[in-house]
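Encoded as structure tokens, the structure appears first; notes follow it.
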Amino acid sequence: MPPRLPLLLPLLLLCALGLALPALAAPPVYPATKTVDQVDTYHGVEIADPYRWLEQDVREAPEVAAWVAAENAVTFDYLGRIPERAAIRARLAALWNYERVSAPMKLGGRYFTRKNEGLQNQSVLWVQDSLATPPRVLLDPNTWSADGTVALGATVPSDDGRLLAYSVAEAGSDWNTWRVLDIETGELLPDELKWIKFSGVSWTPDGRGFFYSRYPEPAAGTAFQSLALGQYLCYHRIGTPQREDIVVYERPDQPDWGFGGFVTEDGRYLVISVSAAAGSRNQILYRDLAEPLAGVRQLIGGFENEYRFVGNDGPRFYFVTDLEAPRRRLIAIDLRHPEREAWRELIPQAEGTLGAVSYAGRLFVATYLENAASRVRLFDRNGQHVRDLDLGGIGSAMGFRGRSDDSETFYTFTSFTEPGVVYRYDLATGEKREISRARVDFDVNAYEVEQVFFPSKDGTRVPMFLVHRKGLKRDGSHPTLLYGYGGFNIPLTPSFSVGRAVWLEMGGVLAVANLRGGGEFGEEWHRAGTKLVKQNTFDDFIAAAEWLVANRITRPERLAIQGGSNGGLLVGATMTQRPDLFAVALPQVGVMDMLRFHRFTAGQFWVDDYGSADDPEEFRVLRSYSP
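This note's numbering numbers the first residue of the sequence shown as 78 and each following residue consecutively.
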């Protein structure tokens, strides 16, 4: 099977940084693009938009599909003439061909693991009754489509390990269809739930049904462009059609609100997180499921802070919050005394940024970020520190799922040079045991990772990881790939990538900058790269590039920048602001029209980070950097 196209294309484009390509001396000739007479007025300012017709979805507009096909023909002709293409493709395929296994998820006495044998389009879901018994295939999404574009999404076993709810997405769509499988027999039940996105499911303890959130069915021809409005929370009983699902909570007067329902481990309560277009800040509601006539009650109102539900001991609820703690802390709220003055702090804010917290084995397993790398600490139910988990190096740790009565949990550790190690962790003794390790044909000992700090335009100290061959000479000669994101409170942490490994083997340098707008240093760091000060993110990225040049890692004609989604906007904005600083720009699936993004699909949920052109002051800033 050929290597994944997203890995191959960037590497082919990056070849231009270090190789003379006479066959590509002539620039590509692009097909003509139709323009239309479209002018919009924003706060008295006229803005021409001659390519408005390209906003139509390629799956629903033949004219747009034809334009994309013509553009792709030019692109692939150009890439196909790169002499190194075959060698890069072969090396990608060879390096990608390694077994990858996720950390097990334990529920109902069973262990669920995702495994990819190497070149499979999709990872396969396996189940086993114990770690000592052979696993068996439960779901293989590779059999669902010939081209591998039908993907397995979330998988949620019932508490008794009898049934599995799972989501399916086609061609990268946000829309998911949820199905239910009998784990023991492998029988696919008739349940089929549609028009779901941005939602998981949460089973009731009896395994008879689950809570989930859905949207109204969109009008014909608008499924891929219509705004995500009108979500509501439902209960689905297994064996019944979706049309009979019970609406548990909705707010028709607030169509841009979203809802997530979580059943507590003891099955007593339904916790409802209410989010708005205002980002991560949320409200918390709950319903006592032991009282059939009890309605939904509010526990935390307003959209002033973020509250992530962790678990409960009866009426005592645990939340991670940034209330009075921009790097987050853990608090307890007793439903019998819900007033704010009775809330109790269990784990105070620390120097590191508190990320995920799980409640397993009656312990809080807290994962922190310290200078963009993971640190794991364990605390008891009263917030007393028990021990730290030695990760063995600078990298990223994830997993630690579990229930309050579990004696074990599992996690994965990865880094820029470590593809992934899965550990079993004994919650009582603190002993960790390796249960699987990814083996890749890549000489990790030939490379080193260092973290540097550089001053941004306003003097802010910004960290950046550098990965390169040992003994690198700082002579400005090295082709360098600078990667960034800087948005939505999402941190960039060390992780392994086959494409990056091949880049390193080709003599390249990898630089990963932790920009303002991201989640590396808490909410203040995040807010410093949003809305009216979004330019800080771009200034940080530009300063990172300038540092690489000034410190003779590379020079502009050998420097590339890359980012995806919000990172695609980052690349789009910086390449237009400083085209002299970069030789190659790779803006992948970027948000590029900052004046109209909020009018489509989930765009309204991004307003808290970007602002909106409907606001005069925010329009001025958005217009200043919109690529």
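Glycine included, each C-beta is placed from N, C-alpha and C at the ideal position.
Could you check if residue i is buried or exposed, using at least 16 other CB atoms within 10 Å of its CB as the buried criterion?
i: Thr-444; result: buried
i: Glu-694; result: exposed
i: His-414; result: exposed
i: Gln-639; result: buried
i: Asn-522; result: exposed
i: Gly-536; result: exposed
i: Gln-461; result: exposed
i: Phe-153; result: exposed
i: Gly-298; result: exposed
i: Ser-701; result: exposed
i: Pro-80; result: Because Pro-80 carries a pLDDT of 41, less than 50, the predicted location of this residue cannot be relied on, and the following value inherits that uncertainty. By the 10 Å Cβ count, Pro-80 comes out buried.
i: Arg-213; result: exposed
Closest to residue i by CA distance: which of the options is it?
i: Glu-597; options: Val-227, Met-541, Asp-482; result: Met-541
i: Tyr-687; options: Gly-335, Phe-380, Gly-595; result: Gly-595
i: Ala-242; options: Gly-249, Lys-550, Gly-316, Trp-221; result: Gly-316
i: Gly-372; options: Asn-382, Val-348, Gly-379, Tyr-395; result: Val-348
i: Leu-216; options: Arg-358, Ala-223, Leu-229; result: Leu-229
i: Pro-282; options: Ala-296, Leu-240, Val-463; result: Leu-240
i: Pro-108; options: Pro-139, Val-145, Glu-123; result: Val-145
i: Gly-644; options: Tyr-562, Gly-548, Ala-138; result: Tyr-562
i: Leu-412; options: Gln-426, Leu-400, Asp-390, Pro-425; result: Asp-390
i: Ile-630; options: Ser-250, Leu-543, Thr-299, Met-652; result: Leu-543
i: Pro-181; options: Ser-200, Leu-208, Gln-199, Ser-703; result: Leu-208
i: Gly-121; options: Ala-419, Phe-696, Ser-701; result: Phe-696
i: Arg-478; options: Ile-471, Gly-470, Tyr-488, Asp-670; result: Tyr-488
i: Val-527; options: Val-589, Val-517, Arg-136; result: One point to set straight first is that residue 527 is Glu, not Val, in the sequence displayed. Selected option, being the one with the closest Cα: Val-589.
i: Tyr-289; options: Ala-296, Val-278, His-555; result: Val-278
i: Thr-112; options: Leu-304, Phe-573, Pro-127, Ala-103; result: Pro-127
Assuming residue i and residue j form a contact by the criterion Cβ under 8 Å, report the distance between their Cβ atoms to the nearest whole angstrom.
i: Leu-265; j: Val-575; result: Not confirmed; about 33 Å, so no contact.
i: Leu-431; j: Ser-451; result: That pair is no contact at about 12 Å.
i: Ala-409; j: Phe-386; result: Contact doesn't hold; Cβ gap of about 12 Å is too wide.
i: Arg-624; j: Phe-531; result: Checking the sequence shown, residue 624 turns out to be Trp, not Arg. Right, their Cβ atoms sit about 4 Å apart.
i: Glu-591; j: Val-539; result: In the sequence as presented, Glu is not what sits at residue 591; that position holds Asn. That pair is a contact at about 7 Å.
i: Arg-480; j: Glu-383; result: Not really, about 24 Å apart at Cβ, beyond 8 Å.
i: Gly-356; j: Asp-685; result: 3 Å
i: Gly-667; j: Ser-642; result: 7 Å
i: Leu-504; j: Thr-486; result: 6 Å
i: His-313; j: Gly-344; result: The pair is not a contact, with the Cβ atoms about 16 Å apart (cut-off 8 Å).
Checking 7 Å against the spacing of the C-beta atoms, do residue i and residue j come in under that value?
i: Leu-195; j: Ser-235; result: What sits at residue 195 in the sequence shown is Gly, not Leu. No, the Cβ-Cβ distance between Gly-195 and Ser-235 is not below 7 Å.
i: Asp-134; j: Gln-302; result: yes
i: Phe-615; j: Ala-637; result: no
i: Val-442; j: Leu-407; result: no
i: Leu-699; j: Met-671; result: yes
i: Gly-599; j: Arg-404; result: yes
i: Phe-519; j: Ala-578; result: yes
i: Gly-335; j: Gln-360; result: no
i: Val-453; j: Ala-474; result: yes
i: Arg-546; j: Tyr-524; result: yes
i: Arg-655; j: Asp-617; result: no
DSSP three-state call for residue i: helix, strand or coil?
i: Phe-677; result: coil
i: Pro-160; result: coil
i: Gly-595; result: coil
i: Tyr-702; result: helix
i: Val-684; result: helix
i: Pro-693; result: helix
i: His-120; result: coil
i: Thr-152; result: helix
i: Pro-633; result: helix
i: Pro-87; result: helix
i: Ile-567; result: coil
i: Asn-459; result: coil
i: Leu-559; result: strand
i: Asp-114; result: coil
i: Trp-203; result: strand
i: Phe-618; result: helix
i: Gln-302; result: coil
i: Asp-657; result: helix
i: Pro-282; result: coil
i: Gly-644; result: helix
i: Ile-471; result: coil
i: Thr-262; result: coil
i: Ala-138; result: coil
i: Trp-580; result: helix
i: Ile-315; result: coil
Hey, does residue i have any beta-carbon neighbour from chain D nearer than 7 Å?
i: Glu-508; result: Among the chains in the structure shown there is no chain D, since it carries only a single protein chain.
Mind checking whether the beta-carbon of residue i lies closer than 6 Å to any heavy atom of the ligand HEM?
i: Thr-570; result: Questions concerning the ligand HEM fall outside what the structure shown contains, since it holds no ligand whatsoever.
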